[in-house]
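**Q** Mind looking over this structure? Questions follow.
Number of protein chains: 2
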Amino acid sequence: MRSLSRALEVFAELQRAERPQRLSDLARTCGMSLPTTLRILRVLQDFGMVSQTDKSYRIGPAVLPAARSYLENDPLVVSARPVLQQVAAQTGLTVSLYTRLGFERILVARVDGASPLTYDLPLGKRLPLTVGAAGKILLASATDEELQQVTAAAIAAGQEAPTFTVEQLRARLPEPGIEYAYSADERATGVLSVAVAVPNRAGRPSESIALTSPVETATEPALKAAVPELRRAAGRLAELLQGSVY
Amino acid sequence: MRSLSRALEVFAELQRAERPQRLSDLARTCGMSLPTTLRILRVLQDFGMVSQTDKSYRIGPAVLPAARSYLENDPLVVSARPVLQQVAAQTGLTVSLYTRLGFERILVARVDGASPLTYDLPLGKRLPLTVGAAGKILLASATDEELQQVTAAAIAAGQEAPTFTVEQLRARLPEPGIEYAYSADERATGVLSVAVAVPNRAGRPSESIALTSPVETATEPALKAAVPELRRAAGRLAELLQGSVY
DNA sequence: AATAACCTTTCATTGTATGAAACTAAACTC
DNA sequence: GAGTTTAGTTTCATACAATGAAAGGTTATT
Numbered sequence: 116m117r118s119l120s121r122a123l124e125v126f127a128e129l130q131r132a133e134r135p136q137r138l139s140d141l142a143r144t145c146g147m148s149l150p151t152t153l154r155i156l157r158v159l160q161d162f163g164m165v166s167q168t169d170k171s172y173r174i175g176p177a178v179l180p181a182a183r184s185y186l187e188n189d190p191l192v193v194s195a196r197p198v199l200q201q202v203a204a205q206t207g208l209t210v211s212l213y214t215r216l217g218f219e220r221i222l223v224a225r226v227d228g229a230s231p232l233t234y235d236l237p238l239g240k241r242l243p244l245t246v247g248a249a250g251k252i253l254l255a256s257a258t259d260e261e262l263q264q265v266t267a268a269a270i271a272a273g274q275e276a277p278t279f280t281v282e283q284l285r286a287r288l289p290e291p292g293i294e295y296a297y298s299a300d301e302r303a304t305g306v307l308s309v310a311v312a313v314p315n316r317a318g319r320p321s322e323s324i325a326l327t328s329p330v331e332t333a334t335e336p337a338l339k340a341a342v343p344e345l346r347r348a349a350g351r352l353a354e355l356l357q358g359s360v361y
Numbered sequence: 116m117r118s119l120s121r122a123l124e125v126f127a128e129l130q131r132a133e134r135p136q137r138l139s140d141l142a143r144t145c146g147m148s149l150p151t152t153l154r155i156l157r158v159l160q161d162f163g164m165v166s167q168t169d170k171s172y173r174i175g176p177a178v179l180p181a182a183r184s185y186l187e188n189d190p191l192v193v194s195a196r197p198v199l200q201q202v203a204a205q206t207g208l209t210v211s212l213y214t215r216l217g218f219e220r221i222l223v224a225r226v227d228g229a230s231p232l233t234y235d236l237p238l239g240k241r242l243p244l245t246v247g248a249a250g251k252i253l254l255a256s257a258t259d260e261e262l263q264q265v266t267a268a269a270i271a272a273g274q275e276a277p278t279f280t281v282e283q284l285r286a287r288l289p290e291p292g293i294e295y296a297y298s299a300d301e302r303a304t305g306v307l308s309v310a311v312a313v314p315n316r317a318g319r320p321s322e323s324i325a326l327t328s329p330v331e332t333a334t335e336p337a338l339k340a341a342v343p344e345l346r347r348a349a350g351r352l353a354e355l356l357q358g359s360v361y
C-alpha cells in the first residue's frame, strides 16, 4: 500500500505546515516526484480532505465531519465524558483525557473544573509524551528502546532541545511502583498536574487522565491527594470500555 | 490512484456507519475483497486515522489534530470569525458559515447571538443542500443537471423522500434575481433562517452565511431586513479571502 | 464437539502507480 | 517587454505494487 502511505504522508505534512503548501514544497518535503504528489492531491481533493486555491494546497473541510464522527461515536470519548464530569465535580479541577498517537499524545476530551484552565478547548492538540504528567505516565512502563524512539521523535518535532537524552527523560518519569505522574511548570508555567494511566487489558496503556490546576488554586499535596480518586475514575473508564460493544 | 480512492471510501464508510464496523462489513459495503480492505485498514491504522479493538474498526484519533489544523489555519474559517462576530453583534442572532462538500454542506463556523440556538456547537455537521436557507442558496445558480444530481444524492442519503423530484426542489429555491434564500420550519421546526452566498471570483459559490433564529425571537420580515447586512458581510469575507496569502 | 463464519496469509497475475522527459505556464530578471 | 528561470502539468514506457483466489488459521455458533 505504498501509494496510500504516501498520501497519508502528504496529508500529515499539510497539517504540520500549518499554512498552504505548494506542490513542489510537498513533493520535496515528502520525498516524492511531482507527478505522484499531484495525483495524490487530486484524489484527496475529490474527497474534500484537501482544498486548493490557485497553486496552494491545504487541509480540506472533510476532516470536520470525520472529527465529529470520532467525538460522537468513539467508545473511549463517549464513555469518558460522565467519568470526567464526576471527577471535575468532586475535585473542582479541570480533567483531561489524552490518547497516545505515535510519539505524541492528543487531547480528546476535557471537562473544566471550578476555575477553568483556558478559555478555549484545545481538543485535538498534539502534545509531547516527554513533558507533562499525562505524557510521562504513558511512558512509565516503556522499554529502553521505546524511550529512545520517543526521545528522538521529541527532538525531531522540536519539542525538546537537540541535547535531550534518554537519561534526562527517565529522570522525569515516575519511579517504579508509583502509578501516577506529577508535573509542575513543565509544559506550561504556573500549571500543576497529576495523571494516571487508563488500564488496558493487554499491552501498555495508551490513554491517560490528568487533573490540572493553576498554581494559585492548588498545591502539590492537594493534587496528589486526588490521585486515588483519579485512579478509581481510570478504572471505571476501563471497565466501561470492556463492556462497550466496540 | 485506485487504492487511494478505495481507502478514502473505507474511511468515509466508517464515518457513515457511526459505529464500529467489522472487516467483512466494510469489504461488502465498499465492494472490495477482504484482503484489500484489510490492507487498507492496516495502513490507516498506522497513521491513527482508524482504530481497532478486537475485530472492530472505527475512526481514529488522528482526525482530531487534522480538524484542529483546519479550523485554525484555513483562510475561510479564520477570515470568517470576525465577520460573523460582527453580524451576530449587530443582529443579535446566530450566524453560521457553511461550505459545500460534495452534495452536502458542512457547518464550519458559528457565532451565537443573544439567544443561542443550541447548547452544543455542531461544527462539522453534514446537512443537505436541499433543505434550509444556507443549503438552497448554494443551489441558486445550479444547472438542471446539477439539481438532478443533488436530488438523487439527497434521496440516497435518506435526507429526502424517495418521491422527491427536481421540480419540488426548484420550487423551494429562490426565484431568479433574488440573492438570498429563506426557510421556515424546513430543516428544524420552529426555526427561521435567511442565507446569502459568499461570492466567488469564478464559478458558483460554495460557501454561504446564514442567520438563524427560533420563531419566538424573530419574524420573517425582521430576518429579511437583515439581508443587506448579511450581504455586506459576505462581500467583506470574499474580499478577505482574495487578500489572504492562500 | 462439530460446524460455520470470519479473519489472515500466501502467491501468481494484472494493472496501476511511478518518474523521466517533454511540454506548458507562470514568475522573475534585466 | 523580451529573455530566462522556475513551477506545474501531461505523456508514456516500465516495473512493481495492488489485487483477489485459494488455502490456512482462528474464533464464534450451534
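Line by line, the protein sequences are chains A and B.
Residues are numbered in my numbering as their position in the first sequence, beginning at 1, plus a constant of 115.
Residues are numbered in my numbering as their position in the second sequence, beginning at 1, plus a constant of 115.
We treat Cβ as the ideally placed atom computed from N, Cα and C, and that holds for glycine.
This structure is a prediction, so every number in the text was calculated from the model and none was measured.
1) Assign D259 of chain B to buried or exposed, taking buried as 16 or more other Cβ atoms, counted over all protein chains shown, within 10 Å of its Cβ.
2) According to the Cβ coordinates, are L326 of chain A and L208 of chain A closer than 8 angstroms?
3) The alpha helix (DSSP H) with E354 of chain B in it runs from where to where?
4) Can you list the residues of chain A that P180 of chain B reaches, using a CB-CB cut of under 7 angstroms?
5) List the residues of chain A that G163 of chain B touches, going by C-beta distances under 8 angstroms, in chain order.
6) Leaving out five residues on either side along the sequence, give the residues of the same chain with a beta carbon under 8 angstroms from the beta carbon of T152 of chain A.
7) Whole angstroms are fine: how far does the CA of L129 of chain B sit from the CA of E165 of chain B?
8) With DSSP as the reference, label Y172 of chain A as helix, strand or coil.
9) Does DSSP put V226 of chain B in a helix, in a strand, or in coil?
10) Going by C-alpha to C-alpha distance, which of A:V210, A:A310, A:A286 sits closest to G250 of chain A?
11) Just mark Q136 of chain B as buried or exposed, buried being the case when its beta carbon has 16 or more other beta carbons within 10 Å.
12) With 7 angstroms as the C-beta to C-beta threshold (strictly closer), list the residues of the stretch 188 to 207 of chain B near chain A in chain order.
13) Which residues in chain A sit within 8 angstroms of I155 of chain B, going by Cβ to Cβ distance?
14) Look up Y361 of chain A in the DSSP assignment and say whether it is helix, strand or coil.
15) Quick one, which of B:L216, B:A127, B:L191 has its alpha-carbon nearest L156 of chain B's?
16) Using a beta-carbon distance below 8 angstroms, is S184 of chain B in contact with chain A?
17) Could you say which of B:P190, B:L253, B:R225 lies nearest to V202 of chain B if we only look at CA atoms?
18) Is the beta carbon of L238 of chain B sitting closer than 8 angstroms to the one on L254 of chain B?
19) Helix, strand or coil for P180 of chain A per DSSP?
20) Helix, strand or coil, according to DSSP, for P194 of chain A in the structure here?
21) Kindly indicate which three-state DSSP category E275 of chain B falls into: helix, strand or coil?
22) Does the contact criterion of 3 or more C-beta pairs under 8 angstroms hold for the stretch 333 to 346 of chain A versus the stretch 271 to 281 of chain A?
23) Quick check on the burial criterion: 16 or more other C-beta atoms within 10 angstroms. Buried or exposed for V360 of chain A?
24) Can you name, in chain order, every residue of its own chain whose Cβ lies under 8 angstroms from the Cβ of R241 of chain A, other than the five neighbours on each side?
25) Within the same chain, show all residues whose beta-carbon is closer than 7 angstroms to that of V313 of chain B, passing over the 5 residues directly before and after it, in chain order.
26) Counting pairs of Cβ atoms below 8 angstroms between the stretch 289 to 304 of chain A and the stretch 169 to 186 of chain A, do you hit three or more?
27) R121 of chain B by DSSP, collapsed to three states: which one?
28) Would you report the Cα separation of D169 of chain B and A268 of chain A, rounded to the nearest angstrom?
29) Can you name the start and end residues of the beta strand (DSSP E) that E301 of chain B belongs to?
30) Helix, strand or coil: which one does DSSP assign to S211 of chain A?
31) For E133 of chain B, count neighbouring Cβ atoms within 10 angstroms of its own Cβ and tell me buried if that reaches 16, exposed if not.
**A** In short:
1) exposed
2) yes
3) 342 to 358
4) Q130, I221, G239, R241
5) L216, G217
6) V125, L138, L141, A142, C145
7) It should be noted that the sequence gives Val, not Glu, for residue 165 of chain B. One C-alpha to the other measures close to 9 angstroms.
8) strand
9) strand
10) A:A310
11) buried
12) N188, D189
13) M116, L119
14) At Y361 of chain A, the pLDDT of 46 sits below 50, so the modelled position is not reliable; the number obtained from the coordinates is stated separately. Of the three classes helix, strand and coil, the one that applies to Y361 of chain A here is coil, per DSSP.
15) B:A127
16) yes
17) B:R225
18) no
19) helix
20) Here the sequence assigns Ser to residue 194 of chain A, which means Pro is not the residue at that position. Note: S194 of chain A maps to helix in three-state DSSP.
21) coil
22) no
23) In this prediction, V360 of chain A scores a pLDDT of 48, lower than 50, which makes its location untrustworthy; the coordinate-derived value is nonetheless stated afterwards. That one is exposed.
24) L216, E219, R220, I221
25) P320, E322, S323, I324, A349, L352, A353
26) no
27) helix
28) 29 angstroms
29) Unbroken run through E301 of chain B: none, as it is neither H nor E.
30) strand
31) exposed
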